[in-house]
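Chains as they are written, first to last, in the numbering used here: chain A, 1320 to 1485; chain B, 21 to 553.
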């Protein structure tokens, strides 16, 4: 058995967090969307007859608000995303507006997938998707480093299989 | 439970030589599309007057569709090899789908009108897949007798391969072995094995019950379009008559009033009759039967459907009743089994009893979900929930009326604020309907003021739960718990209950030993089936 440190499972008071790089994975699509929408509104304004800067004001406001939200909200999201592995379940807490607490018992886990889109690859993070027999009970951990993702996956699957022996 | 280890006792491998669907299948599959094209073509032909040209064009188009259908038919084959149902299809890209017989959850036989005219039937197989479309197989279409035999074959093989199913009623291998004609094994459909025990009748619906179901239920909504179309075609007649025959203003007013009442009565009568007819046609001769470890359901007048669900796969039972049905003491029951794919229209994993007297509910529950409380005492919700729902009901009314008043610049519109009163009454009703209960074996959740839903789930089947709280809920200490069972898309909500209470419920559900045993039993069963097949 290879040398590795004690598995970090986290606890409720000291939970595990996502990788900080996930913030940029979330920011970039938001920024692009804000710029596109502001651009469209600006184009609509340019088509209007009024002179001066007036037709561009809505686009400017939208752009500023959009960019501001895209920069700030992902930070909040990352701050609120926490998880830990107990001997019984995996617990995940996330959500800025609507706060969600999800618990999946280890023995219900059917399989765990590691997913990485192009943006995630650019920032070196992966998404862990935990699947049960019900689509509603599934959970995901976006933005983990690959090492940590493998660690969590191994932890959960080990415990899921241990249960069968009981 | 162990699989039989004596080789002589193992059932022979399921075999069915690879074959094509019935030759008339493309006609049946293209019938639906063809019908729509035909309707459009008829309208266009009548409208434009180039009847001959368009008619021949339409016929040529239909021939092309059927031709493509035949190419698809030629490239479609199915068979059972080594206990696995294999389907190969595809004209350009070949697609092979394999389903071990042991994974089959539900087998439906469906006959639309075109199928009955041609003597065919459709077989839909739903498996224990996770809701992906690759977990279902649709065989459209086989000859009627072949379809029945295939269904029995699929189900009987599953039963034999799974000795843990129902200890008492599994037929011994000798009884259920098909005719021992080894030379032609697999070439013909083997005769169906004799049933283990006589099936018990669970529910049978008479036409009278179906008429009541139609008149009190969702068929009313479904036929509204039809009624609207009828009114659209003929509704102008009465007003035209009055306008042309009335000689004085008074005569016109009285005539319009009288005719208005007559028209209303006629339209409502047509509406009610259409709903009753729709219900009878859909669910004619509804029969629910328990046959060993399975539930069989058969229904339908023009389009016939038969479904089979294994009892141990039942995940949740949903009981619905609108306000009218509650007054009449009737409910509708939906039995949900673990399977959730969408290709078969989502029908395959749900078994619905369209109407049931509420007194029969206990019997049904004890059959499909033993230990389920028939009339549980439900825990209510705190005052904050009532305030929240009052707010949620009144605010849209105020906002809409206010906006309308501003847009119309008319203060009279503000009288619409009176609409807040029924909204608040509805909110109070909704608050009183919310309730939940957790017993040792089951969890029950209820919601709905006008359309009331009650969901009953065995604790052992709960896959996981989510607790979610919006800022408004957090402010008053409320949250919503969503409970998930296998094959479910939306989960069962326990809405707007106190957070501490929901934390307790969540903890009880997750820590339940029954869940763990259920999952182990399911996995052991699947492993045993893999070994046996």
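Beta carbons are placed, not taken as given, at the ideal position from N, Cα and C, and that holds for glycine.
Exercise for the section: Taking residue 487 of chain B as the query, report the chain A residues whose CB atoms sit under 9 Å from its CB, ordered along the chain. Expected result: 1418, 1419, 1420, 1421, 1422
Exercise for the section: Please list, in chain order, all residues of the same chain as residue 1361 of chain A whose beta carbon is under 7 Å from its beta carbon, the five residues on each side excluded. Expected result: 1375, 1378
Problem - Where residue 123 of chain B meets chain A, residues with beta-carbon distance less than 7 Å - result: Going along chain A, no residue has its Cβ under 7 Å from residue 123 of chain B, so there is no contact; the nearest lies around 13 Å.
Problem - Residue-chain proximity (residue 1464 of chain A, chain B), Cβ-Cβ < 9 Å - result: no
Practice task
Going by CA-CA distance only, name the one from B:539, B:172, B:134, B:486 that's closest to residue 1422 of chain A.
Solution key: Of B:539, B:172, B:134, B:486, the residue nearest in Cα terms is B:486.
Exercise for the section: Out of B:489, B:535, B:476, B:411, state which residue places its alpha-carbon closest to the alpha-carbon of residue 482 of chain B. Expected result: B:535
Exercise for the section: Please check the pair residue 554 of chain B and residue 392 of chain B, which I expect to be a contact at CB under 8 Å, by giving their CB distance rounded to whole angstroms. Expected result: With chain B running from 21 to 553 in the structure shown, residue 554 of chain B is simply not present.
Practice task
Tell me residue 386 of chain B's beta-bridge partners as DSSP assigns them.
Solution key: Residue 386 of chain B is not bridged to any residue.
Handout entry: Buried or exposed (CB count within 10 angstroms, at least 16 for buried), residue 401 of chain B
Key = buried
Problem - Pairwise C-alpha distance: residue 1469 of chain A and residue 1462 of chain A - result: 13 Å
Problem - Check whether residue 376 of chain B and residue 350 of chain B have beta carbons under 9 Å apart - result: Cβ distance < 9 Å, so residue 376 of chain B and residue 350 of chain B count as in contact.
Exercise for the section: With distances taken Cα to Cα, identify the nearest neighbour of residue 506 of chain B among A:1457, A:1332, A:1478, A:1384. Expected result: Each of A:1457, A:1332, A:1478, A:1384 was checked against the Cα of residue 506 of chain B, and the nearest Cα belongs to A:1457.
Handout entry: Rounded C-alpha distance that separates residue 410 of chain B from residue 454 of chain B
Key = One C-alpha to the other measures close to 14 Å.
Problem - Proximity test, residue 226 of chain B beta-carbon vs the ligand NAP heavy atom, cut-off 8 Å - result: The ligand content of the structure shown is nil, which means the ligand NAP is not present either.
Practice task
Would you decide whether residue 526 of chain B is buried or exposed? Buried here means 16 or more other CB atoms lie within 10 Å of its CB.
Solution key: buried
Problem - the segment 1424 to 1458 of chain A: positions lying closer than 9 Å to chain B by Cβ - result: Within the segment 1424 to 1458 of chain A, those residues whose Cβ lies closer than 9 Å to any Cβ of chain B are, in chain order, 1424, 1426, 1427, 1429, 1450, 1451, 1452, 1453, 1454, 1455, 1456, 1457, 1458.
Problem - Candidates B:304, B:139, B:386, B:302, of which the one nearest residue 160 of chain B by Cα - result: B:139
Problem - Neighbourhood of residue 519 of chain B by C-beta distance below 6 Å, restricted to the same chain and skipping five residues each side - result: Excluding sequence neighbours, residue 519 of chain B sits near 497, 499.
Problem - Where the segment 480 to 510 of chain B meets chain A: residues whose CB sits under 8 Å from a CB there - result: 483, 484, 485, 486, 487, 488, 489, 490, 491, 494, 502, 504, 505, 506, 507, 508, 509, 510
Problem - CB contact check: residue 1414 of chain A to chain B, cutoff 9 Å - result: yes
Problem - Check whether residue 297 of chain B and residue 248 of chain B have beta carbons under 9 Å apart - result: no
Practice task
Please confirm if residue 1477 of chain A has its CB atom under 9 Å from at least one CB of chain B.
Solution key: no
Practice task
Could you have a look at residue 398 of chain B and say whether DSSP puts it in helix, strand or coil?
Solution key: Coil at residue 398 of chain B, not helix or strand.
Practice task
Please state if the CB of residue 1393 of chain A and the CB of residue 1349 of chain A are separated by a distance shorter than 9 Å.
Solution key: yes
Exercise for the section: Determine, using beta carbons only, whether residue 118 of chain B comes closer than 9 Å to chain A. Expected result: no
Exercise for the section: Confirm, please, whether the CB-CB distance from residue 167 of chain B to residue 129 of chain B is below 9 Å. Expected result: With contacts defined as CB atoms closer than 9 Å, residue 129 of chain B and residue 167 of chain B qualify as a contacting pair.
Exercise for the section: Taking residue 535 of chain B as the query, report the chain C residues whose CB atoms sit under 9 Å from its CB, ordered along the chain. Expected result: Checking the listed chains, one finds no chain C in this structure; the protein chains it contains are A and B.
Practice task
Would you please verify whether the beta carbon of residue 1407 of chain A is less than 9 Å from any beta carbon of chain B?
Solution key: yes
Handout entry: residue 1435 of chain A in three-state terms, based on DSSP
Key = coil
Exercise for the section: Quick one: which unbroken alpha helix (DSSP H) runs of 4-plus residues sit fully inside the segment 260 to 348 of chain B? Chain order, please. Expected result: Counting whole runs of 4 or more residues, the segment 260 to 348 of chain B contains the alpha helix (DSSP H) stretches 269 to 303, 343 to 348.
Practice task
For the beta strand (DSSP E) containing residue 1425 of chain A, list its first residue and its last residue.
Solution key: Residue 1425 of chain A -> no beta strand (DSSP E), and no H or E assigned at all.
Handout entry: Paired residues, beta bridge with residue 481 of chain B - DSSP
Key = Looking at the DSSP assignment, residue 481 of chain B forms no beta bridge with any residue, so it has no partner.
Handout entry: Cβ neighbour criterion (16 or more within 10 Å) applied to residue 441 of chain B
Key = exposed
Exercise for the section: Scan the segment 421 to 476 of chain B and note each continuous alpha helix (DSSP H) run of 4 residues or more that stays entirely inside, going in chain order. Expected result: 440 to 453
Handout entry: Residues of its chain near residue 474 of chain B, where Cβ-Cβ distance is below 6 Å and the 5 sequence neighbours each way are ignored
Key = 339, 466
Handout entry: residue 224 of chain B, DSSP secondary structure in three states
Key = strand
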